[in-house]
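What follows is a single structure, written as structure tokens, with notes after it.
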RNA sequence: GGUACCGUAGCCAAGCAGUAAGGCAGGGGUCUGCAAAACCCCUACGCGUGGGUGCAAUUCCCACCGGUACCU
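Numbering (the numbering used here), first residue to last: 10 to 330.
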């Protein structure tokens with residue numbers, strides 16, 4: 010009754026909370042397809058480190074291409090337990106992937122799923138990506154300008170802040186001036202577009218009738234699950250996977266800075282023992298999960314459910330009306 | 001048994017007479033094109049225990065307890 014917007018389901022939670030499993034089960038039961046909202050699982054060949062569910066590539070299903078929006082797509086969809094997982098395993102580790110790329114492609118994919126009469130289920134832990142979809146964030150249309158960034162990075166943070174205050178005082182009041190990345194992006198937008206950064210951060214009209222389901226886990230349980238998962242990643246061959254990747258790719262790539270590869274790198278480069286690297290990997294994963302929870306906590310629309318049964322019940326009601 | 005050194009938050013650790021640095025872990029938070037990123041904030045009325053000196057002690061002295069090293 011609330012609107013005619015297409016229904017979309019979202020399953021979110023911190024890393025290792027079990028959202029992947031929930032997503033697959035719900036997809037199987039309610040005729041759905043998964044859209045991964047994960048900034049790292051997009052990379053091919055980064056499987057163990059990103060805890061990607063094991064799946065196969067299939068070309069039976071092809072998302073309708075629409076120009077550059079799917080230019081990376083090779084026409085293959087990642088299938089896990091019979092469920093298509095879109096936006097997973099789609100680009101090479103040395104390709105750039107940003108929030109804007111995610112949003113553009115996700116919108117196309119969701120539309121395609123809906124067109125086929127299926128339920129889109131967005132599953133992921135990258136809060137900003139999910140928010141971009143839920144709130145239809147209108148991302149300032151200034152692409153990353155690597156040259157400008159390199160130039161600006163030569164200056165000190167306080168110099169950059171001064172510049173920003175001069176050319177866009179409104180944004181300077183809003184953003185975190187301690188954070189070089191945020192200051193740089195603001196500057197980039199202002200310099201390239203000529204307009205205020207803050208004023209270009211808008212929201213479009215809502216695209217979907219979204220039901221957000223969160224998986225809350227007591228901190229202690231979450232942490233022990235994380236520790237166990239890291240041990241499993243090691244047992245599954247995270248070292249070998251990392252070695253294979255470094256043969257082809259530089260440590261400095263964004264993908265290689267992801268949790269897992271980064272810490273194994275410390276060991277592979279002889280900077281610390283393997284057991285020390287594993288401890289740090291566990292710690293960094295815990296920190297990450299904590300940050301994810303901080304992000305999700307502020308969205309009061311999320312339904313935090315204790316168990317899977319509750320999720321099914323909620324989804325049924327959601328699909329009915 | 002003797003001698004020396006040490007004992008400061010969950011862990012590591014500085015201070016060594018004027019009223020507890022820092023790091024890690026932990027907690028809270030920020031977030032519109034790198035977001036598994038990049039940032040910000042919080043965390044010892046207390047310095048092994050008991051005495052003593054002194055205006056003042058975690059800092060000096062004594063004893064005891066605990067640990068470590070060496071000696072016998």
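Where is the CB? At the ideal position from N, CA and C, for every residue including glycine.
{"Check": "Indicate whether the contact test is met: 3 or more Cβ pairs, each with one atom in the stretch 38-46 and one in the stretch 233-252, closer than 8 Å.", "Outcome": "no"}
{"Check": "Please go through the stretch 121-190 and give each complete alpha helix (DSSP H) segment of 4 or more residues, from N-terminal end onward.", "Outcome": "136-143, 155-161, 166-176, 178-183"}
{"Check": "Go ahead and pull the three-state DSSP assignment for residue 233.", "Outcome": "helix"}
{"Check": "Should the stretch 293-313 be called in touch with the stretch 19-27, which here means at least 3 C-beta pairs below 8 Å?", "Outcome": "yes"}
{"Check": "Report the residue from 213, 110, 249 whose alpha carbon sits nearest the alpha carbon of residue 143.", "Outcome": "213"}
{"Check": "Which residues bound the beta strand (DSSP E) around residue 33?", "Outcome": "Careful: residue 33 lies outside any beta strand (DSSP E), inside the alpha helix (DSSP H) at 28-38."}
{"Check": "Whose C-alpha, out of 187, 196, 189, 188, is nearest the C-alpha of residue 179?", "Outcome": "196"}
{"Check": "Using beta-carbon positions only, say whether residue 64 and residue 88 come within less than 7 Å of one another.", "Outcome": "yes"}
{"Check": "Compare the C-alpha of residue 59 against each of 279, 321, 267 and name the closest.", "Outcome": "267"}
{"Check": "Quick check: residue 272 and residue 290, are their CB atoms within less than 7 Å of each other?", "Outcome": "yes"}
{"Check": "What are the start and end residues of the alpha helix (DSSP H) that includes residue 293?", "Outcome": "283-306"}
{"Check": "Quick one: Cα of residue 346 to Cα of residue 153, how far?", "Outcome": "Within the shown structure, residues of the chain are numbered from 10 to 330, placing residue 346 beyond reach of any answer."}
{"Check": "Alpha carbon to alpha carbon, how far is residue 47 from residue 276? Give it in angstroms, no decimals.", "Outcome": "26 Å"}
{"Check": "Hey, could you find the ends of the alpha helix (DSSP H) residue 320 is sitting in?", "Outcome": "317-329"}
{"Check": "In whole angstroms, what is the alpha-carbon distance linking residue 234 and residue 202?", "Outcome": "46 Å"}
{"Check": "Bridge partners of residue 95, per DSSP?", "Outcome": "44"}
{"Check": "How would you write the range of the beta strand (DSSP E) that residue 311 sits in, first residue to last?", "Outcome": "Run containing residue 311: none; DSSP gives neither H nor E here."}
{"Check": "Could you give the C-beta distance for residue 23 and residue 133, rounded to a whole number, given that I count them as a contact under 8 Å?", "Outcome": "Going by Cβ atoms, the distance from residue 23 to residue 133 rounds to 11 Å, so no, they are not a contact pair."}
{"Check": "Suppose you measure from the CA of residue 110 to the CA of residue 284; what does that come to, to the nearest Å?", "Outcome": "37 Å"}
{"Check": "Among the residues of its own chain, which have a CB less than 6 Å from the CB of residue 131, if the five just before and after it don't count?", "Outcome": "19, 44, 46"}
{"Check": "Let me check one thing: in DSSP terms, what residues is residue 221 bridge-paired to?", "Outcome": "19"}
{"Check": "Can you grab the Cα-Cα spacing for the pair residue 183 / residue 176, in whole Å?", "Outcome": "14 Å"}
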